[in-house]
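**Student:** So the number in our numbering is just where the residue sits in the sequence shown, counting from 1, plus 4.
Backbone N, C-alpha and C fix where the C-beta goes; we use that ideal spot for every residue, glycine too.
What follows is a structure written as structure tokens; I'll ask about it next.
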Amino acid sequence: MTPGAHGLALLAGALAGPAAVALLVRALAPLIGDARRAIAGVSRAIDVTLAPLRLAASHGHDPSRRERRRLRIAGACAGLMAGWVLGGGRAAAVGAVGGAVALPRAATWRRTRYARRVADGAGAAAQAMAGALVGGGSIRAAIEAAAVELEGPIAVELRRTALELEAGARLDGALDGLVDRAPSPGIVLLTAAVQLQRRSGGDLAALLRRLARSLEQERRAAEEASAATAQARMTSTVVLLVPPAGMVMAELASPGLAGRMLGSSVGATLIAVALMLQVGGGILVRRLARVGP
Numbered sequence: 005m006t007p008g009a010h011g012l013a014l015l016a017g018a019l020a021g022p023a024a025v026a027l028l029v030r031a032l033a034p035l036i037g038d039a040r041r042a043i044a045g046v047s048r049a050i051d052v053t054l055a056p057l058r059l060a061a062s063h064g065h066d067p068s069r070r071e072r073r074r075l076r077i078a079g080a081c082a083g084l085m086a087g088w089v090l091g092g093g094r095a096a097a098v099g100a101v102g103g104a105v106a107l108p109r110a111a112t113w114r115r116t117r118y119a120r121r122v123a124d125g126a127g128a129a130a131q132a133m134a135g136a137l138v139g140g141g142s143i144r145a146a147i148e149a150a151a152v153e154l155e156g157p158i159a160v161e162l163r164r165t166a167l168e169l170e171a172g173a174r175l176d177g178a179l180d181g182l183v184d185r186a187p188s189p190g191i192v193l194l195t196a197a198v199q200l201q202r203r204s205g206g207d208l209a210a211l212l213r214r215l216a217r218s219l220e221q222e223r224r225a226a227e228e229a230s231a232a233t234a235q236a237r238m239t240s241t242v243v244l245l246v247p248p249a250g251m252v253m254a255e256l257a258s259p260g261l262a263g264r265m266l267g268s269s270v271g272a273t274l275i276a277v278a279l280m281l282q283v284g285g286g287i288l289v290r291r292l293a294r295v296g297p
């Protein structure tokens with residue numbers, strides 16, 4: 005090939021290259037659009053499925069039956085894939101069952117934690133409501149003022165109660181709804197004090213102040229007890245983590261050990277029993293270390 009012909013070939017390639025790329029992109033555009041829509045659809049489905057977990061932690065949402073069914077399916081799929089990657093068929097079956105049980109349970113745990121955070125603000129709510137009542141406000145106005153003054157989960161619940169009252173709900177019904185969403189001795193005492201004053205009369209502001217002092221003393225006592233048992237709880241947690249850590253180290257030292265153990269009926273049975281004992285031990289430690297109701 006002469007130099008001139010070689011130059012013409014390079015020029016033709018340079019001109020044809022962008023055109024070929026443009027044609028290729030144009031041909032693949034529908035596929036790219038379908039892939040984007042599919043990814044967006046999967047993302048929306050995951051977001052809808054996991055929304056009850058977020059709402060349970062931020063608003064004390066109690067998942068419905070349909071939402072719990074979705075969480076079970078999602079947990080089973082996640083556990084199935086994780087088990088299959090880690091240990092094959094039997095591990096996939098165990099992971100699917102564990103995921104189906106654990107994910108709805110996680111929503112319950114998060115809702116319980118939210119209720120405890122609401123309970124921690126019961127004393128501050130009683131104090132804020134007492135201050136509003138001393139200023140001449142009504143009970144409904146005191147609830148709304150406390151919702152504006154406070155922060156955190158207790159403010160969310162008081163704001164929700166105030167909105168229900170604005171929408172026309174009866175005071176007793178709105179307070180009962182507050183107890184249902186965040187059941188705790190502090191919230192029960194707070195709502196009972198308001199309901200008792202409405203029926204029997206009396207100085208509600210003074211009663212709420214005494215209740216606030218009592219709840220604050222109880223909270224401080226719980227914090228002191230938690231601090232006193234922190235070392236024991238940490239030790240128990242470390243003890244519970246030793247067997248799984250040992251299994252991970254053994255797998256790293258001898259790759260495939262977990263698969264061989266799960267491939268044996270005796271090994272799979274022993275691992276299942278060990279897991280049940282670990283879960284039972286964790287539950288017992290949690291109950292023994294719990295401070296308060």
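Where does G93 land, buried or exposed, given buried means 16+ other C-beta within 10 angstroms?
**Tutor:** Under this definition G93 is an exposed residue.
**Student:** Would you mind working out which of L59, V101, G177, A225 sits nearest G83, comparing C-alpha positions?
**Tutor:** When each option's Cα is compared against that of G83, the closest is V101.
**Student:** Would you kindly check if the distance between the Cβ of G135 and the Cβ of A149 is under 9 Å?
**Tutor:** Cβ atoms of A149 and G135: closer than 9 Å.
**Student:** From L167 to L90, what distance separates their C-alpha atoms?
**Tutor:** In a straight line, the C-alpha of L167 is about 50 Å away from that of L90.
**Student:** Between which two residues does the alpha helix (DSSP H) holding R203 run?
**Tutor:** Counting along the chain, the alpha helix (DSSP H) containing R203 begins and ends at 189-204.
**Student:** By a C-beta neighbour count over all protein chains shown, 10 Å radius and 16 as the cutoff for buried, is R114 buried or exposed?
**Tutor:** That one is buried.
**Student:** Comparing alpha-carbon positions, which option in A96, A80, L54, P157 lies nearest G267?
**Tutor:** Cα-wise, what sits closest to G267 is A96.
**Student:** Is the CB-CB distance between R185 and G64 below 9 Å?
**Tutor:** Yes.
**Student:** Helix, strand or coil for A173? Go by DSSP, reduced to three states.
**Tutor:** Coil.
**Student:** Could you tell me the distance, in whole angstroms, from the CA atom of W88 to the CA atom of A61?
**Tutor:** Roughly 30 Å separates the two Cα atoms.
**Student:** Any chance you could list the alpha helix (DSSP H) runs of at least 4 consecutive residues sitting entirely within the stretch 206-294, in chain order?
**Tutor:** Taking only runs of at least 4 residues, the alpha helix (DSSP H) segments lying wholly in the stretch 206-294 are 208-232, 234-257, 261-267, 269-293.
**Student:** On a Cα-Cα basis, can you pick out the residue from R121, A123, R120, C81 that is closest to G103?
**Tutor:** Taking only the C-alpha atoms, the option nearest G103 is C81.
**Student:** State buried or exposed for P259, treating a residue as buried only when at least 16 other CB atoms are found within 10 Å of its CB.
**Tutor:** P259 should be labelled exposed.
**Student:** Assign M280 to one of two classes, buried (16 or more other C-beta atoms within 10 Å of its C-beta) or exposed (fewer than that).
**Tutor:** Exposed, by the Cβ-count rule.
**Student:** Should E71 be labelled buried (16 or more other beta-carbon atoms within 10 Å of its own) or exposed?
**Tutor:** Answer is buried; the Cβ neighbour count reaches 16.
**Student:** Taking its Cβ as the centre, do 16 or more other Cβ atoms sit within 10 Å of G250, making it buried, or is it exposed?
**Tutor:** Exposed, because fewer than 16 other Cβ atoms sit within 10 Å of the Cβ of G250.
**Student:** Taking 7 Å as the limit between beta carbons, can you name the residues of its chain near A178, skipping five residues before and five after?
**Tutor:** So the qualifying residues of the chain are T165, E168, L169.
**Student:** Given a threshold of 16 other Cβ atoms within 10 Å of its Cβ, counted over all protein chains shown, does L215 qualify as buried or as exposed?
**Tutor:** L215 should be labelled buried.
**Student:** Beta-carbon separation of Q221 and P248 under 9 Å?
**Tutor:** Contact flag unset, no.
**Student:** Only counting the same chain, and skipping five residues up and downstream in sequence, which positions put a Cβ closer than 6 Å to that of L219?
**Tutor:** Within the same chain, L219 has close Cβ partners A126, G127, G190.
**Student:** I think P157 touches A111, with their Cβ atoms under 8 Å apart; what is that distance to the nearest whole Å?
**Tutor:** Contact flag wrong, Cβ pair sits at about 16 Å.
**Student:** Out of L211, L274, A132, which has the shortest C-alpha to C-alpha gap to E155?
**Tutor:** Comparing Cα-Cα distances from E155 to each of L211, L274, A132, the minimum goes to A132.
**Student:** Please go through the same chain and pick out, in chain order, the residues whose beta-carbon is closer than 7 Å to the beta-carbon of V192, but skip the five residues on each side of it.
**Tutor:** Excluding positions up to five away in sequence, the list reads V183.
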